[in-house]
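These protein sequence lines map, in sequence, to chains E and P.
Residue numbering for the first sequence follows the numbering used here, starting at 1 and increasing by one per position.
Residue numbering for the second sequence follows the numbering used here, starting at 1 and increasing by one per position.
A short worksheet on the structure shown next.
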Amino acid sequence: MIVIGIDIGSVAAKGYIISNGSHHRAMIPSGWSPREAGQALIDQLLDASGLERDQVERIYVTGYGRVAFEHADKTVTEIKCHARGVAELYPEVRTIIDIGGQDSKVISTGEKGQVLDFAMNDKCAAGTGRFLQVMATALGLDVSELGDAEDPRQMQTISSMCTVFAESEIIGSLARGNPKGGIIAGLHQSVGKRVAAMVRRMGIKEQVAFTGGVAINPGVRRALEEEIGTKIIVPGACQYTGALGAALLALETLRRD
Amino acid sequence: MADYKQMWANLGMDLEKHDVLCEVLPEAFGGVYLTQQDRPKGMDFYDFVVSEIHGVRPAEMLQHQKEGGKVFGTFCVYVPDEVVFAAGGIAAGLCGGSQFWVSGGEKVLPANTCPLIKASVGARLDKTCPFFLIPDMYVAENTCDGKKKAWEILAGEVPMHIIDIPQMKRDRDVAAFEAEIRDFVGVVEKVTGKKITAESLGEAIKLINNKRRALQRVYNARKASPVPISGKDALLLTQINFYDDPARAAQMANNLADELEQRINNGTGVFPANTLRIMISGTPMAIPNWKLHHIVESLGAAVVVEESCTGTRYFENLVDETATTLDGQIRALAERYMKTNCACFTPNSARIDDIIRLADEYKVDGIIDTNLQFCNLYSTESYLIKQLMTERNLPIMHIETDYSEQDFEQLRTRVEAFLEMLRK
């Protein structure tokens, strides 16, 4: 049985191909066209696994681009897919924090990886990858450099939750000669606080996993652990759990049918 | 649409700006409404009203004024329309529901004001809505801080009467509201130059009650499975009832109810019988705000009831018709209006009881509790609602949103994930 799961996010498109037990994964930038990104990703996955398009029995698509991508057998929300993907890797997890490019989610899951409840940020970029991207630009860095550049010992707390105000706060902080590493630690803390508030509202049930592109950043993970007061698991392939979940859900329905 | 350009120009409207609105509305309406399958024939009337939205009813109101009648613009379901109609006046709900007017409101209001207030103020100041320009008087109220202060700004534009709505529901609060209605009778008599009598108020009470009964019939039909009418269509009907002639509104709603009852007898509906049934609770959705209903229903679930001002709060309770004196009628009005449960009251546990009752009556699978952005009252109340619904194993999700399209995809994801949860 051969299936593909694709997660077309706002920044990156991630894919998983599962063929009779073995699997491959791939990731490309989403670019301006989710449809083209999805197609390119499928081609890459087929290349990597040495398979042909017509051998693939089912394709499930999730993420923001799911609606635009027309070759899907089914679209599923990323909330359900992350829950399924994480349950496969870490069955003990009951709370998933997913921070992607344009939103942050907290998902409460049951024993079989089913979604029990979830929360998502309202119309606001605070506490998302976008927030960190805007701040990185203000600091003259790439968003991928933030994690290594932080210095929590010199923490400069950012009080503004709003992306726009936080940016001017940072510029002011730099102007006062505060250390960059401390400012970055403050940014991570601000994302941590914002998302932790959402987690607490949902109720913290261990174990807690952290997924999405922002989970690569060890500073945000540190801040979240401090705020929530518990250890957090970051899967090695933290960006792929949505795509993995989509592929697994495709596989399950294929088996059932 | 018939040509209303001269009428709009006479009202002092900004025609150029208004043209932009006239261009986008039919497209939006077509996409949201006319794509639906098996709509009741009875919706034709409401489609017609939308197609002539700034023409046909404003023309009637202007004709009424020409004949010496007065028009009162209102913004809240706590304003007793009965008093206005008893004096031969017309009361029309004015709340703005389009992003189009928001920027006009933002010229004078703080950014963290709810879109309903921004749109209402913007529609008046930008002169792009005839309904806002026609009234001889606005009858406003102090149900929230945002509205309270916005009226002070609009008072420079149009004569304004403010009704003081109590914030608690003790006996003395109901008595205070009774006194407010008494004052309002005096104000309306002065503006219209007509005396309100026990006879005219009694008739007006029946007139508005009949509209409420007709709406109740339509809503009762929504309790059936398969549901005979979409949530979007029911919402449109309620929205139009806020400013249509009450007698015609009742007749049209009754016609629609006849058709829906026939559908129930035939076992036909607009969604399959196993469709997920959703209640939307929270803040009002003024015309043309159809955003959340459209998201839910395009994902294959049905909105079967709205616990909101553009829903059950508008018509659930009737005014006692047995009083024969003005005093008795005013008391009956106060008692009826104080039964409505809005988050501006404290404590407000009766609203939570309403939601639990409606969930049962309409056999809902899940509740989407929603509030317009920056509505502190409903957004705070959502916490208790979620807690109490969860205790009863009623799945619930909270959504805060506004009139813009920016969060459309994000909301779609959230609603879709909620429906995925319910389907298990």
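From the three backbone atoms N, C-alpha and C, an ideal C-beta is built for every residue, glycine too.
From a predicted model like this one, the values you see are computed outputs, not experimental measurements.
Whole-number beta carbon distance between residue j and residue i, since they are thought to touch under 8 Å
{"i": "CYS95/P", "j": "SER120/P", "result": "6 Å"}
{"i": "MET43/P", "j": "ASP233/P", "result": "5 Å"}
{"i": "LEU133/P", "j": "MET13/P", "result": "7 Å"}
{"i": "VAL218/P", "j": "LEU260/P", "result": "7 Å"}
{"i": "SER19/E", "j": "LEU41/E", "result": "SER19/E to LEU41/E, Cβ: 16 Å. No contact."}
{"i": "SER281/P", "j": "ILE355/P", "result": "5 Å"}
{"i": "VAL102/P", "j": "GLY73/P", "result": "About 19 Å separates the two Cβ atoms, so there is no contact after all."}
{"i": "ILE264/P", "j": "ILE368/P", "result": "Their Cβ separation, rounded to whole angstroms, is 25 Å, which puts ILE264/P and ILE368/P out of contact at 8 Å."}
Residue of the options minimising C-alpha distance to residue i
{"i": "GLY110/E", "options": "SER104/E, GLY101/E, VAL93/E and ALA119/E", "result": "VAL93/E"}
{"i": "TRP8/P", "options": "HIS54/P, GLY193/P and ASP369/P", "result": "HIS54/P"}
{"i": "MET421/P", "options": "TYR403/P, THR401/P, ASN393/P and ASP402/P", "result": "ASN393/P"}
{"i": "ALA155/P", "options": "GLN167/P, ILE165/P and VAL139/P", "result": "VAL139/P"}
{"i": "VAL79/P", "options": "ILE163/P, GLY88/P and LYS41/P", "result": "ILE163/P"}
{"i": "ILE165/P", "options": "GLU405/P, GLU335/P and THR322/P", "result": "GLU335/P"}
{"i": "LYS211/P", "options": "LEU11/P, LEU256/P, GLU405/P and GLY282/P", "result": "LEU256/P"}
{"i": "LYS291/P", "options": "THR370/P, ALA273/P and LYS148/P", "result": "THR370/P"}
{"i": "VAL158/P", "options": "CYS344/P, MET137/P and LYS169/P", "result": "MET137/P"}
{"i": "THR325/P", "options": "GLU199/P, ARG213/P and ALA176/P", "result": "GLU199/P"}
{"i": "ILE228/E", "options": "LEU244/E, ALA243/E, LYS180/E and ALA197/E", "result": "ALA197/E"}
{"i": "ALA149/E", "options": "ILE184/E, PHE165/E and ALA246/E", "result": "ILE184/E"}
{"i": "ASP244/P", "options": "LYS363/P, LYS17/P, ALA86/P and PHE131/P", "result": "PHE131/P"}
{"i": "ALA12/E", "options": "LEU248/E, ALA246/E, TYR240/E and THR253/E", "result": "TYR240/E"}
{"i": "GLY9/E", "options": "MET1/E, SER49/E and VAL61/E", "result": "VAL61/E"}
{"i": "MET397/P", "options": "LEU388/P, GLU405/P, TYR403/P and SER404/P", "result": "LEU388/P"}
{"i": "ALA273/P", "options": "LEU201/P, ASN241/P and ARG222/P", "result": "ARG222/P"}
{"i": "TYR64/E", "options": "ILE216/E, LEU224/E and GLY242/E", "result": "GLY242/E"}
{"i": "ASP320/P", "options": "LEU207/P, LYS386/P and LYS118/P", "result": "LEU207/P"}
{"i": "THR192/P", "options": "ARG313/P, GLU23/P, ILE90/P and GLU409/P", "result": "ILE90/P"}
{"i": "ASN121/E", "options": "ARG53/E, VAL199/E, LEU139/E and GLY182/E", "result": "VAL199/E"}
{"i": "LYS430/P", "options": "GLY300/P, LYS424/P, VAL84/P and ILE295/P", "result": "Residue 430/P lies beyond the range of chain P shown here (1 to 424); nothing can be said about it."}
{"i": "THR211/E", "options": "ILE2/E, LYS14/E and SER160/E", "result": "LYS14/E"}
{"i": "ALA59/P", "options": "CYS129/P, ALA350/P and GLY269/P", "result": "CYS129/P"}
Euclidean distance between Cα positions of residue i and residue j
{"i": "LEU358/P", "j": "THR275/P", "result": "18 Å"}
{"i": "VAL220/E", "j": "GLU226/E", "result": "10 Å"}
{"i": "ASP407/P", "j": "PRO228/P", "result": "30 Å"}
{"i": "SER308/P", "j": "TRP151/P", "result": "22 Å"}
{"i": "ASP19/P", "j": "THR346/P", "result": "43 Å"}
{"i": "GLY147/E", "j": "SER108/E", "result": "27 Å"}
{"i": "LEU215/P", "j": "GLN239/P", "result": "11 Å"}
{"i": "VAL108/P", "j": "THR380/P", "result": "26 Å"}
{"i": "PRO40/P", "j": "ARG414/P", "result": "30 Å"}
{"i": "SER51/P", "j": "LYS149/P", "result": "34 Å"}
{"i": "GLN65/P", "j": "LYS339/P", "result": "33 Å"}
{"i": "ALA467/P", "j": "ALA323/P", "result": "Because chain P is modelled from 1 through 424, residue 467/P falls outside the range shown and cannot be assessed."}
{"i": "ILE232/E", "j": "ALA209/E", "result": "5 Å"}
{"i": "ASP171/P", "j": "PHE177/P", "result": "10 Å"}
{"i": "LEU89/E", "j": "TYR33/P", "result": "44 Å"}
{"i": "ALA92/P", "j": "GLU306/P", "result": "21 Å"}
{"i": "TYR16/E", "j": "PRO246/P", "result": "59 Å"}
{"i": "ALA136/E", "j": "PRO218/E", "result": "15 Å"}
{"i": "LEU141/E", "j": "PRO29/E", "result": "19 Å"}
{"i": "LEU299/P", "j": "LEU411/P", "result": "11 Å"}
Partners in chain E for residue i, counting only beta-carbon separations shorter than 7 Å
{"i": "ARG414/P", "result": "MET120"}
{"i": "LYS424/P", "result": "GLN114"}
{"i": "ALA286/P", "result": "Near ALA286/P there are no residues of chain E at all, since even the closest Cβ is about 19 Å away, more than 7 Å."}
8 Å Cβ cut-off: residues of chain E touching residue i
{"i": "GLU420/P", "result": "VAL76, THR77, ILE79, LYS80 and VAL115"}
{"i": "ALA214/P", "result": "Near ALA214/P there are no residues of chain E at all, since even the closest Cβ is about 37 Å away, more than 8 Å."}
{"i": "ALA86/P", "result": "Going along chain E, no residue has its Cβ under 8 Å from ALA86/P, so there is no contact; the nearest lies around 43 Å."}
Within chain P, the residues that residue i reaches when beta carbons sit closer than 7 Å
{"i": "ASP98/E", "result": "Per Cβ cutoff of 7 Å: no residues; ASP98/E is ~12 Å from chain P at best."}
{"i": "ASP103/E", "result": "GLN410"}
{"i": "TYR64/E", "result": "GLU409"}
Per-residue contacts from residue i into chain P (C-beta, under 8 Å)
{"i": "TYR16/E", "result": "Ordered by position in chain P, no residue passes the 8 Å Cβ test against TYR16/E, which lies about 19 Å from the chain."}
Residues that residue i contacts on chain E, provided the C-beta gap is smaller than 9 Å
{"i": "ALA301/P", "result": "Going along chain E, no residue has its Cβ under 9 Å from ALA301/P, so there is no contact; the nearest lies around 14 Å."}
| Counting Cβ pairs, one atom from each stretch, are 3 or more of them under 8 Å apart for the region 164–184 of chain E and the region 194–206 of chain E? | no
| At least 3 beta-carbon pairs within less than 8 Å: the region 98–115 of chain E vs the region 127–142 of chain E | yes
| message | Tell me whether the region 22–34 of chain E and the region 45–63 of chain E touch, counting them as touching only if at least three CB pairs, one residue from each stretch, are closer than 8 Å. | response | yes
| task | Determine, using beta-carbon pairs with one atom in the region 57–70 of chain E and one in the region 163–171 of chain E, whether at least three such pairs fall under 8 Å. | result | no
| task | Would you check if there are 3 or more beta carbon pairs closer than 8 Å linking the region 79–94 of chain E to the region 150–165 of chain E? | result | no
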